[in-house]
Amino acid sequence: MTDPGSARAGSHFDEQNRSVEDAEDVGSDKDLPGGVTEEPVIVDVADVEPELADPAVVAERVAPTRAIDTAVGADLLEMRDVTMRFGGLVALDSVSFSIRRGEILGLIGPNGAGKTTCFNAMTGVYRPSDGQVVFDGEPLGKLKRNQITRRGIARTFQNIRLFSEMTALENVVVGTDARHRTSVPGATFRTPRHRREEHDAIERAMALLEFVGVGARATEKARNLPYGDQRRLEIARALATEPKLLCLDEPAAGFNPAEKAALMDLIRKIRADGYTVLLIEHDMRLVMGVTDRIVVLEFGKKIAEGQPAEIRENPAVIAAYLGVPDDATA
Amino acid sequence: MHRRSMRAALVLVAAATLTLAACGDKSAGGSGSGSESSSAATSGASGSSSSSAAPAGGDLAINPLVQIDIDGNEVEASTGTDAVSPAGDGSATCDGVSVAMAGALTGPNAALGLNILYGMQTALKEHNDANANCQVEIKQFDTEGDPQKATQVAPQIVSDASVIGLLGPAFSGETKATGTIFSQAGLLSLTASATNPDLTANGWTNFFRGLANDAVQGPAVAKYLTGSAGFSTVCVVKDNSDYGVGLAETITEGLGDAADPSCAADVKTGDKDFSATVQLIAGAEPDAIFYAGYYAEAAPFVAQLREGGVEAAFVSADGTNDPQFVDQAGSAAEGAYLSCPCGPAPEEFAATYESEHGQVPGVYSVEGYDLMTIILSGIDSGITDRAGLVEYVKNYQGQGLAREYQWDDNGELSSSLIWMYEVG
Amino acid sequence: MSSLLSVGALADGSWLAVPAISFNIEALGDRFWSLTIEGLAYGSIYALVAVGYTLVYGVLRLINFAHSEIFMLGMFGQYAVLMLLGFSPSGNAYAEGAVMTIVYLGIAMIGGMLISGGAAVGLERVAYRPLRKRNAPSLVFLITAIGASFVIQEFVHFVLPALTDGELGGVNAQQPIRLVEQKEQFTIFGASVTNVTLIIIGSALVLALATDMFVNRTKFGRGIRAVAQDPTTATLMGISRERIIMLTFLIGGVLAGAAALLYTLRVPNGIIYSGGFILGIKAFCAAVLGGIGNLRGALLGGLILGVMENYGQILFGTAWRDVVAFALLILILMFRPTGILGETLGRARA
Amino acid sequence: MSTPVKQTSATPLGRPHAGVGDRFRLWWNAQSRPAQWAFGVPFILFIALVPILNIPVLTTVGTNFGAVMAQFGMIALIAIGLNVVVGQAGLLDLGYVGFYAVGAYTVALLTSPDSPWNQTGEGNWLSQDWAWLAVLPVAVCITAISGLLLGSPTLRLRGDYLAIVTLGFGEIVRLLADNLGEITGGGRGLSQVAYPQLGQTEANPGGLFSAGNVAGRINSGVWWFWLSLVLIMVVLLFVGNLERSRVGRAWVAIREDEDAAEIMGVPTFKFKLWAFTIGAAIGGLSGALYAGQVQFVTPTNFNVINSVLFLCAVVLGGQGNKLGVILGAFIIVYLPNFFLGRTDLFGIPINGNEIANYRYLFFGLALMVLMIFRPQGLLPARQKLLTYGRQLYVAARRTAKRQHGDAGTGDQHGTTGAEEVSR
Amino acid sequence: MPLLEIKDMTVGYGRIEALHGISLSVESGELVTLIGANGAGKTTTMRAISGVRPLTRGSIMFDGQDITRMKAHLRVLAGIVQAPEGRGVFPGMTVQENLDMGHYARKFANKAEYQATLDHVFELFPRLKERRAQMGGTMSGGEQQMVAIGRALMARPRLLLLDEPSMGLAPMIIQQIFRIVSEINATGTTILLVEQNAQQALSRSDRAYILETGEVVKSGPGPELLADPAIKEAYLGVA
């Protein structure tokens, strides 16, 4: 059984191959016959950069270096009546909410409620059919996806989409590249700026890997990393773009409780470092435990917004998301 | 379940095939113009170079018609009976001398190269059989007709100390690319088929052409067409090869006003469908069509011309002068005029050639034989070095099977004559 | 109008000679209908071959680069059948009467279809199935297809003559066996319509309709579409993907075989080992033009390509025919990045 | 749209052996720069000397080995350029020969006396002595521009559509060369193209690079090979610099997952265009070499088959691996020449020309077999994408060594997230 | 003997294991639910049962027959039919064609049997009858889900696998779908259901398995699990 879309290694035959179910097959080309599978290599980070042994140094390096205009608590991103239609299907129906700087906002709702669509609208994957996404005071409008990332929105993917043939470190460095300016001429002739940026990139990338806890696997190919490390690596890669807003799409999917707890710590640590976080998650314990506020979507509409405690009690949310016994509506 | 139906279909077809095959051989019915009486195949360029399939197109063959000079006037053909024999007097002595042959021996252009090579081998056999003390060797070098490959082959030829003369290269393109190499090495480069006129204008003192070039063939044929044949409008069609482009240019120039520019057309080597060109020509209603190119395109072209209702005479040159042309075009080839700087093969030579190589002589086989004979006679005269051989050829004068050979200062034949053949 | 290409005047001191291409619009106008009919005939051959590319692409996302060789084998197949029937190669057309001619043509076509269909299925088995088992990336499929293309061509070039005592294959084109002599039947708008054109367009139309019906109406056709649209779900419905793939190759091959006969009617001298290559590329262009993976797109693309390049070669000169074809392809893809009809056979989901 | 994804942290199934190549790579990476030079320079010197060492069996019989190596040098350049496009950026280009043609024709048009645009000779600005060298950068620039022109409208297309459009472009270039006869000479080609004028002597009036230089073992082919070797090294240096930079990482990211790359802030279109342009420029460079060496260009040398062969060189050698594609180029060029004119092989008498006839049959079979058993090519890609990554690789190797020394701690993968996060 | 019995099933994607040896069984006539978070391995389980994913270890028995190595399309003939996650409606086919895909592998004895089956499906989903000629791709999520289930029923399954039928549907439609699922089960079709909507699923199923990170962590009768506080907290978000 071959899914054509799983042919990643030389994927000249691109996106249209990739269908929803193929996402599950990301790893299926791993064991090409004759392919050399590399030995897992553990790098002692302290061996490469001794100062990274100190968590404070790590946190400092990871922290965003740019000044952020918005004051803590002010609106960083605003969804203004965003509607999204695909053919006849209305995926988002006039959704409005805002994310405030410095908070962890949870976005929840049943599968297919429009959370990911919402995400895609924010990161420029889709353009809203109606309404506006305003980020840091500016509407995203017709910005390209890479420009939006440079404006300061970064995301992870529900189905891990790492650059699987690159090492963990290289993956993160691709993220840092978003902030760098050398292009082909600089790189070809190794100008001083290029060297400086490369130095910075590696330094920061190592710190980021250490920060999310994948430092020891820096030189291993992303596809060879254990699942949990891949998830954390995605977060590191997104953080590498120095976002003002970090969007996490179901980062705990497939985690066991211990891993979930560690992830909660990590999310808090990220916020403490100066980032704003938007979290889409199914796991209620995690969402309730880590978020400051929660927005609930259902069937493309916002049905509730508030603090975790309020949401937990909200009857509409209970009905829609947590499910009601048959007799309740019958 | 489709497997079963497929099997059924197979059985059905097999049965049908058997039944129909039993009905016996079909014969080609007369199409339009009935084929005329047979004529003996004694033509120079006659014979199949590769296929042993049944002779086609009725009994059509390419027969020599007339020999003409650059003005299109008829010239008495030399009889060829007094031709110099490669055997010499049988008393030659030499040692470790070899002659190189460079041309396409593999690939799509191999047929031409092999014609020359086989002609050379026929001459060599006669020589070596007669001269026990002078066993000359032919060294084959395959250029595939590709200029870059030729530049790789040429140094190999030059650096082989035993090679004192070269017959080739076969095509004009590769000759252009390698001319300097041979000229610098002072190695005799005697071509039996490269007809681009520019080749002798490079100041190479080692280069000799064993046949008339396109600058002769073009005007000669053109004058013949407007003169003896009496055509007043001619459409010149050319392919995109070096050869076709060059030939078309000289023909058009020679035809002067007779060349109708409105139906001058280009085709590509490899094309098999010429309907647009046929329509263009049908609209122009010319007396004749001159095609500058090779038989692989000429055959379908002439067939489609006839089907398209164009009855004008079809004229082409040495590239088309191949039995394959007649085989593939069938009755449509009938009456076509084919010029060639190559001479017809005398019967005796043709018989020897066929017995040795399993096929009748093709275009330039005779030239291969004649030119090899010249080199061998040089070797027999005691020449063992390259410079000597160049000098020998420069001063050579003698009769060959095809014509008399004598060269001017540029390396062109002193008297360049063209043969006209007719398919009939 | 006189010279199709003229060099811009090399004025004194100006070193840059600029080529100017002139248009022969007059000729296009004069012969518009005959060009259209001729183009349609040619286009229907492209269309039939294009179906093979498009179906395989729709189901496997694979450019079957060797499909042109399948077509070429079809030409030899029908030729061999004619020889078995007792015809010997000749430049002249056989006069057998209309009924018998049609019978012979039918048998020859079936012969070509069998050879091509069989070769296509064999190719799939030998070359592609092992790769699918190994989950190879698409470029690997492409390179394998190129390798297979070389092998088939060289087989006909060198091995086949040895096997058939020089009757088939080799460096030269086969001497034609011509069953139909081209004759004008009637005229439309002053354009003559020949029997060959009629046979080509007629057969192609029947085959195209039959294929369209097969894919859109029958159970097997539904299977093909299902695998193209969603292979995983198709498997869950109890469809054997392997069998569908085989069927797809078979249909493509069979149509290529039919196209091979039609092509040799039109171009009797085209039966040569290298004779499939350019036509294959054109047919692939046609498939992409219509929207690769889309059956009707391939048919439409073939016709458009045939007609447009026929106009183009009159407009700009015969030497520009292929340039017109490729330029048209590039232009259309600029404005419709997935071809004229898009990829409906394939996964049309967002 | 929600899809469950791969399951939780699992232990890698066993630990396979690292191949010889990987061991070599690890070892190589661990060497200091001077040590690398100490090994590398003699090796390159050896390669450079191969055509004049006259190694039995290796040296071709029917063709001149030096000239074959010269062609290898050109195709190797092509392969490196195409590797940037196909191997690194993952853009399938079936019309790469078009760029080769543009490069060759630029040189020919500007320096051949047959061309109406000839700039050499009396009263023109190109001096005969420097013509080739002066035109070389022009050819590279023009080819780069042609890459840009082709790329900017077409790179929005994806996958197969890009493939067929590039194929069309390659054919259009060849057909233009063929049809614009007044300028390009059409099928007659352009002859007497300029070449580097160096080392003219009495015996060698054309200089070292003239086709006429066939005296001795060091003939013009060898000189051209050396020249292309130098150019290959320069190009490798630049391409290597690019690979180990933001640009190379962007290419690999685009190849792996274009959308993810875009979302990570990679201007994908811009970098795809760069890949195309750089690839084109390298192809043009090779074309300029070709024009200079053969001194004669005709359209037939630039047909689709050659495009396909170039692609084969890349895939055969191992796309994404620079040394691999050079090896692929060697195989593509060398094998057809190997049998030509050979009458015996290891003492066994053979008819080389007869075998050479079947070269494409064998070539096709070899391609099919290789793709089935080694789809990643002879030398699979192991790109390094970081400029200052060396210390890391060294550190990794140190730890790896330590691990091997102490088997007990070797199996610490699959540690839980909690442990690692808290470390 | 259970209709479906899975023993120690391990499924991996390359080097990463998705299921670490799960065992479960479904008795004839039962409605069994598999509950788990995203990424817990539910869909992988379903795919393995349908034969789309090969097992690296373990076995699957169906109706006493070992089908571990049986090809996917033969399992459909044996009676295992799935309405896949994300519905898998063929977008370029009409509703009728989609339904007909359901009995692709299976032959009906006669036209009447086919008609009866079709009528049964239309009875369950009257809406599909109205929309027979509509293209699958243009339908709403709920309608697509109906097509998916109806299509599976056309194969007359002995074991119906439903993968997240409630995904992305409005509550009212979810209710409707679940009601129909119960109805189908009531007419004698054994059902293995995968759900995230634990409340609905557990309350309707005979038994349930809780799947976490590729392992079965708990199992028992549906209502019993619904009352389990740990389950409540983890899957219902209610402490």
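Respectively, the protein sequence lines represent chains V, S, W, C and Z.
Mapping to my numbering: the first sequence position 164 is 246, numbers consecutive.
Mapping to my numbering: the second sequence position 362 is 1699, numbers consecutive.
Mapping to my numbering: the third sequence position 320 is 837, numbers consecutive.
Mapping to my numbering: the fourth sequence position 130 is 153, numbers consecutive.
Mapping to my numbering: the fifth sequence position 168 is 194, numbers consecutive.
A virtual CB, placed ideally from N, CA and C, is assigned to each residue, including glycine.
In this text the structure is predicted, and so the values were computed from the model without any measurement.
At 4 residues or longer, what runs of the alpha helix (DSSP H) sit wholly inside the segment 1605-1675 of chain S? Here the runs fully enclosed are 1612-1621, 1632-1644 and 1660-1666.
Report, in whole angstroms, the separation of the C-beta atoms of A775 (chain W) and S709 (chain W), which I expect to be a contact under 8 Å. About 25 Å; that fails the 8 Å criterion.
Could you give the DSSP three-state label for M391 (chain C): helix, strand or coil? helix
How would you label I371 (chain C), buried or exposed, when you count the other beta carbons within 10 angstroms and need 16 or more for buried? That one is exposed.
Taking 9 Å as the threshold (beta carbon to beta carbon), is S1612 (chain S) in contact with chain W? yes
Check whether chain C comes within 9 Å of Y1455 (chain S), counting only Cβ atoms and requiring the distance to be less than that. Answer no: the Cβ-Cβ gap between Y1455 (chain S) and chain C never drops below 9 Å.
Grab me the residues of R382 (chain C)'s own chain with a C-beta within less than 8 Å of its C-beta, minus the 5 sequence neighbours each way, in chain order. L358, P359 and F362
As an exercise, report each continuous alpha helix (DSSP H) stretch of at least 4 residues that is fully enclosed by the segment 142-215 of chain C, in chain order. 154-177, 182-202 and 204-207
List the endpoints of the continuous beta strand (DSSP E) containing L60 (chain Z). Taken as a continuous stretch (DSSP letters only), the beta strand (DSSP E) holding L60 (chain Z) covers L57 to G62.
Give me the subset of the segment 640-656 of chain W whose CB atoms are less than 7 Å from a CB atom of chain B, sorted by chain position. Annotation note: the requested chain B is absent from the structure, which comprises protein chains V, S, W, C and Z.
Rounded to the nearest angstrom, what separates G212 (chain C) and A1682 (chain S) at their Cα positions? Straight-line Cα distance between these residues: approximately 33 Å.
Since Q692 (chain W) and P606 (chain W) are thought to touch, with beta carbons under 8 Å apart, how far apart are those beta carbons, to the nearest angstrom? 4 Å
Is the shortest distance between the beta-carbon of D201 (chain C) and the beta-carbons of chain S less than 9 Å? Closer than 9 Å: yes.
Below-9 Å beta-carbon distance, L408 (chain C) vs any chain V residue: At least one chain V Cβ lies under 9 Å of L408 (chain C).
For M754 (chain W), which of Z:A66, Z:P110, Z:G163 and Z:G248 has the nearest alpha-carbon? Residue Z:P110 holds the alpha-carbon nearest to the alpha-carbon of M754 (chain W) among Z:A66, Z:P110, Z:G163 and Z:G248.
Under 7 Å between beta-carbons, which chain V residues line up against W297 (chain C)? List them in chain order, please. Within 7 Å Cβ-Cβ: V266.
Pick from C:T323, C:L346, C:L221 and C:A90 that is closest to A1491 (chain S), judged by C-alpha positions: C:A90
For V172 (chain V) and T238 (chain V), the rounded distance between their alpha carbons: 24 Å
Where F239 (chain V) sits in the DSSP three-state scheme: For F239 (chain V), the secondary structure class from DSSP, reduced to helix, strand or coil, is coil.
So, does the CB of V1604 (chain S) fall closer than 9 Å to a CB anywhere in chain W? yes
Take every Cβ of the segment 1490-1510 of chain S, pair it with every Cβ of the segment 1527-1545 of chain S, and state whether three or more of those distances are shorter than 8 Å. Contact between the segment 1490-1510 of chain S and the segment 1527-1545 of chain S is present, because at least three Cβ pairs lie under 8 Å.
Do you know offhand how far T205 (chain V)'s Cα is from Q229 (chain V)'s? Within the model, the alpha-carbon separation for T205 (chain V) versus Q229 (chain V) is close to 10 Å.
Under the three-state reduction of DSSP, which class applies to N1773 (chain S): helix, strand or coil? The requested residue 1773 (chain S) does not occur in the structure, where chain S is confined to residues 1338 to 1761.
Taking beta-carbon pairs under 8 Å, can you tell me which members of the segment 806-817 of chain W lie near chain C? I809
Can you list the residues of chain W that L251 (chain Z) reaches, using a CB-CB cut of under 8 Å? For L251 (chain Z), there are no neighbours in chain W by C-beta distance under 8 Å, as the nearest C-beta there is about 28 Å away.
Nonlocal neighbours in the same chain, by C-beta distance under 8 Å from K342 (chain V), ignoring five residues either side: If you ignore the 5 residues before and after K342 (chain V), its C-beta comes within less than 8 Å of the C-beta of A334, D365, R367 and L368, all in its own chain and listed in chain order.
For L199 (chain C), count the other beta carbons within 10 Å of its own beta carbon; 16 or more makes it buried, fewer makes it exposed. Which is it? buried
Taking the alpha-carbon positions, what's the K1476 (chain S) to G1440 (chain S) distance? 11 Å
Where does A1358 (chain S) land, buried or exposed, given buried means 16+ other C-beta within 10 angstroms? Residue placement at A1358 (chain S) cannot be trusted, given a pLDDT of 45 that sits under 50; what the coordinates show is reported in the next sentence. Counting Cβ neighbours within 10 Å, A1358 (chain S) comes out exposed, since fewer than 16 surround it.
Using 10 angstroms around the beta-carbon of S448 (chain C), count the other beta-carbons present and answer buried if the total reaches 16, otherwise exposed. Because chain C in this structure spans residues 24 to 446, residue 448 (chain C) falls outside the shown range and cannot be described.
How close, in whole Å, do the beta carbons of V177 (chain V) and F293 (chain V) come, if the pair is a contact with beta carbons under 8 Å? Taking the Cβ atoms as the reference, V177 (chain V) lies roughly 32 Å from F293 (chain V), outside the contact range of under 8 Å.
Any beta carbon from chain V within less than 9 Å of M193 (chain Z)'s own beta carbon? Closer than 9 Å to some Cβ of chain V, the Cβ of M193 (chain Z) qualifies, so yes.
Name the one or two DSSP bridge partners that H46 (chain Z) has. Z:T36
List, in chain order, every chain W residue whose beta-carbon is nearer than 9 Å to that of Y130 (chain Z). Per Cβ cutoff of 9 Å: K736, R739, G740, A743, A751, M754, G755 and I756.
For the alpha helix (DSSP H) containing A386 (chain V), list its first residue and its last residue. Run containing A386 (chain V): none in the alpha helix (DSSP H); it sits in the beta strand (DSSP E), K383 to G388.
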